[in-house]
Amino acid sequence: MPMKDESSDTRGAPDPISAAAQGLAQAMAEAQRAIAAAQSQQSNASSALVQSQRECKMLKARNTELSELSSKLFSDVRAQSQTIEALRSRSDELATERDIHRQHAQAREGRITMLQQRIAAVESSRMKERLFREEERGELEALREEAKAGKAALKTERARLTREQNKFVQDKRTARNMLAGVKDSVDALNAQFAADRSMDGSEDEDEKEPAASPRKRRKMDSAAQYQEAPREYPQAWDALLTRAIAEPLPALNCGPGTECNSPVTAIQHRSQFFPPRDASLFGYQARFDLRESVAPPLLCSDFKVDDNPKTFAAYSVISQGVDPRQIIYSQMGQFFPMCSAWPNPVPEQVTLPTNLPLTWMPSDFDLNLPTELTTFAVQQASNSTLVIRHGGDHTSTLFVPAGTPAEVIATNFLTTGKMPCGKSDEQITIIGPGGFRGPVLGAYDVPTGAVAEDTSSVEDIV
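If you want it as structure tokens, here you go:
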């Protein structure tokens, strides 16, 4: 029996099952539409993925092409750089070659110029030779004329020579007479000297010490300059000058090949140009030798002269103040103009007074320079030591006898710088820093002889 439709029983009320079925149908339809949309989207995504993969492959291929192109470009750039370097190297080589060609061209020009100069010199030489020949012809003619005049002059000279020979014979006779007078004066002086020695007992001392006798005579001759010797010495010297002023004195042993000329004038006596007389009057004869060649360069290399006239004037004032006998040592004055022209650099001078440790080694008597200068120098160097040699004269370390106290002290100071200690005996007196030197002894008061280290580098007295 058919079931009764409920809808027929219920008027106007919806059927729940139908509504559910409709909703399910709608939901399924929407699900299908969603599935279709999802499938469509999946298809689109697949297409997009395929397209992306295709584009990726294309990009990879493009990247590969770009890499290959970049490598090729780098290779081309490297090749071009090498080409540029090669071109630069070639350019440098070409520049060097151009310089070499330029130098060769200059050398060729120099040789051409030299050849031109040689040609000009040869032409000039030829011209000079022609002129010289012409001058020779003129000189030959002049010589012929001079020969003629010479013959005439020879006759005149022969006549004059005859007159001179006659005059020489007359002068020789006069000289013999004057020499006899000089011998008489010398004999008188010797007699007076012997009398003086016998009075003061020096004759016995000379016999005991023969080496001291020449030394004493030189001291007496030196002292005669200052009127300290017996009056006969200055009187004899004045008499000799008076005769030389009146008429030059003949010197029979002087002439060519000797160290003196004849006749001898008063000026030559005063200027020490007559060694036989000067040796007895002044004690020695100054000459230029190796010392004068070596000493100035050594001294001037350490002797700076800033103001030559001012420095010389100041030295002159000091020298006169400490030179009571007025020996006037002139060698330092000569060094002022000499060293003012020294061309090489010179160290600055040490300002006086100074505290440098110095050792001074004078003697207690000096023939040719004032030993008082050393006293003044010691006063300017308060840290210096004074070593006084007794019996010695003007000297230096090289001429002091080996093994003597002075030589040992000088050598030790120069090699070690050690100052000598104070002492006093018959050979040396040592005055240390801060000491005082007493008065300089007189010419006749100092010890003499070899026992007192009597040595001189100037007079060679032993």
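Residue 318 in the numbering used here sits at position 307 of the sequence shown, with consecutive numbering throughout. Built from N, CA and C at the ideal position, the CB exists for glycine as well.
Spatial neighbours of A38 within its chain, please: CB distance less than 8 angstroms, with the 5 preceding and 5 following residues excluded, ordered by chain position. none
So, under 8 angstroms CB-CB, L310 and F346 are touching, yes? Tell me the CB distance rounded to an integer number of Å. 6 angstroms
Taking the straight line between their C-alpha atoms, what separation do you get for R89 and L70? 28 angstroms
Cβ neighbours of D317 in the same chain (closer than 6 angstroms, five flanking residues each side left out): none
From S100 to I130, what distance separates their C-alpha atoms? 44 angstroms
When the distance is taken between beta carbons, is G443 closer than 8 angstroms to S393? no
Might you give, ordered along the chain, the residues of its own chain that have their beta carbon closer than 8 angstroms to the beta carbon of C67, omitting 5 neighbours on each side? none
Count the other CB atoms, across all protein chains shown, that sit within 10 Å of the CB of M430; report buried if there are 16 or more and exposed otherwise. buried
Are the CB atoms of K333 and E383 nearer to each other than 8 angstroms? According to the sequence provided, residue 333 is Val. The question's Lys does not apply to it. A contact, by the Cβ cut-off of 8 angstroms.
Coil, strand or helix - A392 by DSSP: strand
First and last residue of the alpha helix (DSSP H) that includes T422? 416-427
For T476, does the count of other Cβ atoms within 10 angstroms reach 16, so buried, or fall short, so exposed? No information on residue 476 is available, as it lies outside the stretch 12 to 473 that the chain covers here.
Counting along the chain, where does the beta strand (DSSP E) carrying T440 start and finish? 439-442
Using DSSP with H/G/I as helix, E/B as strand and the rest coil, what is K434? strand
In this structure, what does DSSP give as the bridge partners for R400? S374, I439
Given a threshold of 16 other Cβ atoms within 10 Å of its Cβ, counted over all protein chains shown, does P364 qualify as buried or as exposed? exposed
Just the C-alpha distance for P356 and S312, rounded to the nearest angstrom, thanks. 8 angstroms
Check the DSSP bridge columns for L260 and list the partner residues they point to. V275
Burial state of I95 (16 or more Cβ within 10 Å): exposed
Closest residue to T427 among K166, T370, K434, Q391 (Cα-Cα distance): T370
Identify whether T365 lies in helix, strand or coil by the three-state DSSP scheme. strand
Look up E359 in the DSSP assignment and say whether it is helix, strand or coil. coil
In angstroms with no decimal places, state the Cα-to-Cα distance between A59 and S29. 43 angstroms
Exposed or buried, which one is F424 when buried takes at least 16 other CB atoms within 10 Å? buried
Taking Cβ positions, are P358 and K321 nearer each other than 8 angstroms? no
Rounded to whole angstroms, what's the CA-CA distance from L105 to R73? Just pull it up for me. 46 angstroms
Reduced DSSP category for C265 - H, G, I as helix; E, B as strand; rest coil: coil
Just confirm the distance between the C-beta atoms of A417 and I441, as a whole number of angstroms; I'd bet it's less than 8 angstroms. About 10 angstroms; that fails the 8 angstroms criterion.
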